[in-house]
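Residues in the first sequence are numbered from -2 upward in steps of one, following my numbering.
Built from N, CA and C at the ideal position, the CB exists for glycine as well.
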Amino acid sequence: MNKARSLYRSLLKEFGHQHWWPADSQYEVVVGALLTQNTSWKNVEKAISNLKKAKALSPKKILKMKKRSLESLIKPSGFYRQKAERLKALTKRYIEVIERGAKPSREDFLSVKGVGKETADSILLYAFDIPFFVIDAYTKRFCARHKLFKGKDYDDYREYFEKNLPREMKLYKEYHALIVEWGKRY
DNA sequence: GGCCAGGACACCA
DNA sequence: TGGTGTCATGGC
């Protein structure tokens, strides 16, 4: 067993299953992926709760809603002006992807302003069940701390994990969630 | 009361 | 390509 796999086993043993991504629908995952950018999940929960209470957590509602109204609902998640703008753009793309029917590509979401690699991969993995390994600041710290891998940029790290793990969507989901949990503690 | 969160982008050299 | 400023709220 390689080091990436054995570290996964220790994380799972220490923290247990994380049950990511907590959401009632696929679209809710997409919304959460954008709102959680550089933001604690607690604050994202408040924003999503506001959207639910306003019965606005659907692609059509979000698109139809006035930007000011959307801003006030997602305010707790911070950066609310740009997030309102970007959430609308992402939602528009999401609808196109769904209506097209075919499996979404990374570029489908990466090309949306405000969606970078981590957010795009989070959407592909957690909303669409497509095995892209999600990299974040914790992951890089995790690699350094355990002398697992030293990469140059995002895709270096992603490829490292994807080459050293079986290509299983459920494993990718759990591993990333565990690394985040690890990162909060250490 | 300061620090930072489940980032991304613009602008600069 | 690398470094820095900006966006903003709420929890600890």
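Burial is judged here by how many other beta carbons sit within 10 angstroms of a residue's own beta carbon; Gln79 has fewer than 16 and is exposed. By the neighbour-count criterion, in which 16 or more other beta carbons inside 10 Å mark a residue as buried, Pro101 falls on the buried side.
Counting C-beta pairs with one atom in each stretch, the region 70 to 88 and the region 27 to 47 have three or more that are closer than 8 Å, which means they touch. Considering only Lys43, Ile92 and Phe139, the residue with the shortest C-alpha distance to Gln23 is Ile92. Counting of Cβ neighbours within 10 angstroms places Ile176 among the buried residues, the total reaching 16 or more. DSSP places Ser22 in no alpha helix (DSSP H); its state is neither H nor E. With contacts defined by Cβ atoms closer than 8 Å, Pro128 and Glu165 form a contacting pair. Burial is judged here by how many other beta carbons sit within 10 angstroms of a residue's own beta carbon; Ile59 has at least 16 and is buried. The beta carbons of Gln34 and Glu178 sit about 19 Å from each other, so the pair does not count as a contact at 8 Å. Between the alpha carbons of Gly148 and Lys167 lies a distance of about 24 Å.
Burial of Asp105 is indicated by the presence of at least 16 other C-beta atoms within 10 angstroms of its C-beta. In summary, Asp118 is buried, with 16 or more beta-carbon neighbours lying within 10 Å of its beta-carbon over all protein chains present.
Restricting attention to Lys49, Tyr77 and Pro163, the CA atom closest to the CA of Thr36 is found in Tyr77. For Val112 and Lys160, the gap between their C-alpha atoms comes out near 25 Å. Glu96: member of the alpha helix (DSSP H) spanning Tyr77 to Arg97, first to last residue.
Annotated as distal: His173 and Phe125, with beta-carbon spacing of 8 Å or more. Lys114 is positioned such that its CB atom lies no closer than 8 Å to that of Leu121. Between Tyr135 and Arg182, the alpha-carbon positions lie close to 11 Å from each other. Taking Arg103 as reference, the option from Asp152, Glu68 and Arg65 with the minimal CA-CA separation is Asp152.
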